[in-house]
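Asks: Just so it is clear: in the sequence shown, position 116 is 189 by the working numbering, and no numbers are missing. The structure under discussion is supplied below as structure tokens; questions concerning it will follow.
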Amino acid sequence: MTLMLALLNDMLLAMIPALGFALVFNVPQKALKYCAIGGAIGHGTQFLLMHWGLSIEWSTLAAATLVGMIGVHWSHRFLAHPKVFTVAALIPMVPGVFAFKAMIAIVEINHRGFSLALWGLMIDNVLKAVFIVAALAIGLAMPGLLFYRHRPVV
74 MTLMLALLND MLLAMIPALG FALVFNVPQK ALKYCAIGGA IGHGTQFLLM
124 HWGLSIEWST LAAATLVGMI GVHWSHRFLA HPKVFTVAAL IPMVPGVFAF
174 KAMIAIVEIN HRGFSLALWG LMIDNVLKAV FIVAALAIGL AMPGLLFYRH
224 RPVV
């Protein structure tokens, strides 16, 4: 039961930045609730996959792909571009904490001097942030690559 409460809490809290960024991106008023629902579904999927032992990078890729697929479905249903629903929904999964920790490690290296521990911390956080951003971009592009490709890959 605690997993369900934690998942519900995670999904509800993810709706807030998704809705906020949808407002910033001037999403039509009728699409706002779908952006919030997409953010909740994406972050909830990421949360569950991480709970089941998948890394944050792979969880983000799976969640972003799911949000992209749902965005394509909604775009066909409501005759809008998929990005209307998906871009704001992916914002809660942006790796701000990892980027911040990497930046702090860089500042510490600059202030205190080089140390292997700080260098390792910085590299670890930079790589996590880069791979999470790449997973978001690839997941967002995946439906277009799968559904809208009219020519063979090879």
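Backbone N, C-alpha and C fix where the C-beta goes; we use that ideal spot for every residue, glycine too.
For SER148, does the count of other Cβ atoms within 10 angstroms reach 16, so buried, or fall short, so exposed?
Replies: Its Cβ being crowded by 16 or more others within 10 Å, SER148 is buried.
Asks: Return helix, strand or coil for VAL160, following the three-state DSSP convention.
Replies: If DSSP states are grouped into helix, strand and coil, VAL160 belongs with the helices.
Asks: Any chance you could list the alpha helix (DSSP H) runs of at least 4 consecutive residues sitting entirely within the segment 92-180, in chain order?
Replies: The qualifying runs are 105-124, 129-151, 155-163.
Asks: Of all the options ALA202, ILE211, PHE151, LEU163, which has the alpha carbon lying nearest to the alpha carbon of ALA175?
Replies: Closest by alpha carbon: ALA202.
Asks: Output yes or no for whether 7 angstroms exceeds the beta carbon distance between CYS108 and ALA91.
Replies: Yes, the pair counts as a contact, with Cβ atoms nearer than the cut-off.
Asks: Between SER132 and PRO168, what straight-line distance do the alpha-carbon atoms span, to the nearest angstrom?
Replies: Approximately 13 angstroms between the Cα atoms of the pair.
Asks: Using a threshold of 7 angstroms, state whether the C-beta atoms of PRO155 and GLY112 are closer than that.
Replies: It is not a contact, given that the beta carbons lie outside the stated cut-off.
Asks: Is it buried or exposed, ALA95, if we count other Cβ atoms within 10 angstroms and call 16 or more buried?
Replies: Classification of ALA95: buried, given that the 10 Å Cβ count is 16 or more.
Asks: Would you call the segment 208-221 and the segment 134-145 in contact, with 3 or more CB pairs under 8 angstroms?
Replies: With a cut-off of 8 angstroms, the segment 134-145 and the segment 208-221 count as touching, because enough Cβ pairs lie within range.
Asks: Taking only three categories from DSSP, how would you classify GLY186?
Replies: Reduced to three states, the DSSP call for GLY186 is coil.
Asks: Taking GLY115 and ALA162 to be in contact with their CB atoms under 8 angstroms, please state how far apart those CB atoms are, rounded to whole angstroms.
Replies: Right, the Cβ-Cβ distance comes to about 5 angstroms (below 8 angstroms), so this counts as a contact.
Asks: Is the separation between the beta-carbon of THR157 and that of VAL100 shorter than 7 angstroms?
Replies: Position check: residue 157 holds Val in this sequence, whereas Thr was assumed. It is a contact, given that the beta carbons lie within the stated cut-off.
Asks: I think LEU80 touches PHE120, with their Cβ atoms under 8 angstroms apart; what is that distance to the nearest whole Å?
Replies: Yes, LEU80 and PHE120 are in contact; Cβ-Cβ is about 6 angstroms, under 8 angstroms.
Asks: Looking at ALA178: is its Cβ nearer than 7 angstroms to the Cβ of LEU200?
Replies: Not a contact, by the Cβ cut-off of 7 angstroms.
Asks: So ALA172 and ALA104 are in contact, right, with Cβ under 8 angstroms, and what is the actual spacing, rounded?
Replies: Not quite, the Cβ-Cβ distance comes to about 28 angstroms (not below 8 angstroms), so this is no contact.
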